[in-house]
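Working notes, beginning with the structure itself.
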Amino acid sequence: MLAQLPRTQEIPLAEWTHSMQRSVLRQMIAVVSRPGILSFAGGLPDPALFPTADYAAALAHVLATDPKALQYGMPFAPLKQHIVQLMAQRGVVCTEEQVFLTTGAQQGLDVLARLLLDPGGEVMFEEVVYTGAQQVVAPFLPRILPVSTDLAEGMNVDEVEDYMVGGARPSFIYTIPDAHNPLGVSLSQERRERLVELAVAYNVPIIEDDPYGLLQYGDWRLGDWETERFQSPSLPNRRLAISQSLPLRALNDSHVFYLGSFSKIMAPALRLGWIVAPEGLVSKIAVVKEAEDLESSALTQRAVAAYLDGGHLPAHLAILRREYGRRRDAMLAALYRYFPAEARWTEPQGGMFIWVELPAEMDAAALLDTAVTQEKIAFIPGHAFSIPGHHVHNCLRLNFSNCTEAMIEDGIKRLARIINYEL
Ligand SMILES: Cc1ncc(COP(=O)(O)O)c(C=O)c1O
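Residue 9 is where the sequence shown starts when you use the numbering used here, and the numbers rise one by one after that.
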């Protein structure tokens with residue numbers, strides 16, 4: 009009987025998978041892993057800057073001394089105490105009871121989507137958004153309420169208000185107020201305050217994703233050379249930086265879920281992050297997470313706590329800020345030097361990405377093909393980050409954290425050569 013069943017029959021998958029897209033980011037990884045490509049595509053921290061020796065010592069110590077390190081167990085309270093202190097450095101006052109440990113910020117996002125969103129519900133996203141946020145909500149087949157982002161001040165809060173006044177009540181608003189991925193912009197102080205006020209007034213929670221909050225490098229200043237060339241009154245003002253502000257969670261603790269991560273400040277493979285949740289919701293979050301992976305690695309929680317006990321993080325962060333800050337400056341200087349005057353880009357205060365808008369007639373996907381084949385340069389075309397129906401064909405995301413300053417200067421020069429040729 010069984011043998012007569014057709015062999016080619018397809019296994020029926022859940023409905024939402026029918027609209028599942030292949031991840032452009034993953035396809036890019038295949039491209040950039042080809043030998044000889046100079047990549048501004050990924051979002052990777054520089055492995056040469058991982059705190060390997062200090063972490064290895066902390067890990068060895070935990071394995072040698074703590075019998076609970078390899079067991080199932082409760083979230084490790086001393087790590088939560090460290091996170092409370094880290095949050096204080098970000099200007100956020102919170103308690104250990106409000107801190108919830110996750111297997112990376114990505115899991116935090118997933119857990120919160122499950123906690124807040126009903127199938128077929130509504131979420132508010134910026135039109136250009138971190139792809140991981142789109143992926144966590146996809147199984148809910150949600151309606152996305154799109155909000156534009158301006159490259160000077162961040163998410164357009166007037167539009168958020170228009171939706172609310174019009175009666176919309178999304179399950180949550182997702183945003184990255186500091187060093188946005190992919191846009192590199194930070195939300196202005198005034199917009200932060202208004203966004204939080206709206207969240208409270210209309211009882212709509214905000215998910216504040218903050219993987220780059222501790223990686224801030226300060227304002228970028230034009231050097232003399234760029235000042236001469238670009239600050240002349242005849243040229244459009246392309247300075248887009250704004251000054252540093254407090255996280256949304258520092259402004260409100262009743263409607264803001266804050267997502268933090270050790271991925272960018274220590275190493276992604278730790279897979280360790282945290283949520284700072286509104287009072288009283290941690291026990292519910294715990295039930296959702298338990299269904300995903302029971303708990304985050306006890307070993308990693310203890311080893312990271314031991315690393316932090318050792319007092320290594322401040323010096324490590326200082327190195328990261330100095331190095332990544334230099335790379336940001338090198339990329340901005342090269343953009344000013346080589347890119348055409350018609351292009352615009354963000355001047356990020358921190359994080360790892362610069363967003364470039366090319367003249368409207370240019371197509372970033374076609375440019376990528378040429379850049380890879382002719383100049384062996386890779387980047388991510390902006391459309392990889394746009395929500396369905398929103399088009400950003402002429403934009404690109406450039407990563408500056410994983411190349412030396414010399415590689416950045418050379419790569420941007422080569423990329424500019426193609427752009428200038430195609431203009
Ligand atoms: C904005 C944003 N959120 C979340 C994540 C995922 O972080 P984690 O490695 O902590 O899961 C990333 C990683 O690049 C990110 O850029």
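Ideal placement from N, C-alpha and C gives every residue a C-beta, glycine not left out.
CB-CB length for residue i against residue j, believed under 8 Å
{"i": "residue 106", "j": "residue 284", "result": "5 Å"}
{"i": "residue 54", "j": "residue 410", "result": "5 Å"}
{"i": "residue 427", "j": "residue 366", "result": "7 Å"}
{"i": "residue 340", "j": "residue 350", "result": "Not a contact, Cβ separation roughly 17 Å."}
{"i": "residue 208", "j": "residue 260", "result": "7 Å"}
{"i": "residue 338", "j": "residue 416", "result": "5 Å"}
{"i": "residue 385", "j": "residue 419", "result": "5 Å"}
{"i": "residue 217", "j": "residue 267", "result": "5 Å"}
{"i": "residue 109", "j": "residue 304", "result": "5 Å"}
{"i": "residue 272", "j": "residue 220", "result": "6 Å"}
Selected residue, minimal CA-CA separation from residue i, among the options
{"i": "residue 264", "options": "219, 188, 181 and 293", "result": "181"}
{"i": "residue 435", "options": "262, 191, 114 and 414", "result": "Look at the range of the chain in this structure, 9 to 431, and you will see that residue 435 is not part of it."}
{"i": "residue 115", "options": "140, 207 and 193", "result": "140"}
{"i": "residue 84", "options": "307, 199 and 124", "result": "307"}
{"i": "residue 429", "options": "57, 409, 288 and 378", "result": "378"}
{"i": "residue 77", "options": "90, 309 and 125", "result": "309"}
{"i": "residue 278", "options": "173, 64, 257 and 43", "result": "64"}
{"i": "residue 34", "options": "392, 227 and 196", "result": "392"}
{"i": "residue 160", "options": "188, 169, 328 and 68", "result": "188"}
{"i": "residue 90", "options": "402, 118, 269 and 113", "result": "269"}
{"i": "residue 23", "options": "69, 127 and 38", "result": "127"}
{"i": "residue 362", "options": "151, 389 and 382", "result": "389"}
{"i": "residue 431", "options": "380, 300 and 374", "result": "374"}
{"i": "residue 328", "options": "194, 413, 57 and 317", "result": "57"}
{"i": "residue 183", "options": "16, 81, 199 and 19", "result": "199"}
Heavy atom of ligand 3 within 8 Å of residue i beta-carbon
{"i": "residue 166", "result": "In terms of ligand content, the structure shown lacks ligand 3 and carries ligand 1 instead."}
Residue i: first and last residue of the uninterrupted alpha helix (DSSP H) it sits in
{"i": "residue 86", "result": "85–97"}
{"i": "residue 262", "result": "Premise fails: residue 262 is in no alpha helix (DSSP H) and is neither H nor E."}
{"i": "residue 429", "result": "413–430"}
{"i": "residue 330", "result": "321–346"}
{"i": "residue 82", "result": "Counting along the chain, residue 82 falls outside any alpha helix (DSSP H), and DSSP gives it neither H nor E."}
{"i": "residue 172", "result": "165–173"}
{"i": "residue 100", "result": "Where residue 100 is concerned, there is no enclosing alpha helix (DSSP H), given that its DSSP letter is neither H nor E."}
{"i": "residue 506", "result": "Residue 506 lies beyond the range of the chain shown here (9 to 431); nothing can be said about it."}
Range of the contiguous beta strand (DSSP E) that encloses residue i
{"i": "residue 149", "result": "No beta strand (DSSP E) contains residue 149, which DSSP labels as neither H nor E."}
{"i": "residue 293", "result": "Per DSSP, residue 293 belongs to no beta strand (DSSP E); it is in the alpha helix (DSSP H), 290–301."}
{"i": "residue 227", "result": "From DSSP, residue 227 is part of no beta strand (DSSP E); its letter is neither H nor E."}
{"i": "residue 201", "result": "Residue 201 -> not in any beta strand (DSSP E); alpha helix (DSSP H) instead, spanning 197–209."}
{"i": "residue 406", "result": "403–407"}
{"i": "residue 212", "result": "First-last for residue 212: undefined, no H or E at that position."}
{"i": "residue 124", "result": "No beta strand (DSSP E) contains residue 124, which is instead part of the alpha helix (DSSP H) from 112–124."}
{"i": "residue 182", "result": "181–183"}
Contact with chain B by residue i, beta-carbon distance below 9 Å
{"i": "residue 297", "result": "Given the protein chain composition of this structure (a single chain), no chain B is represented."}
Neighbouring residues (CB closer than 6 Å to any heavy atom of ligand 1): 51, 112, 113, 114, 138, 140, 184, 189, 217, 219, 269, 271, 276 and 281
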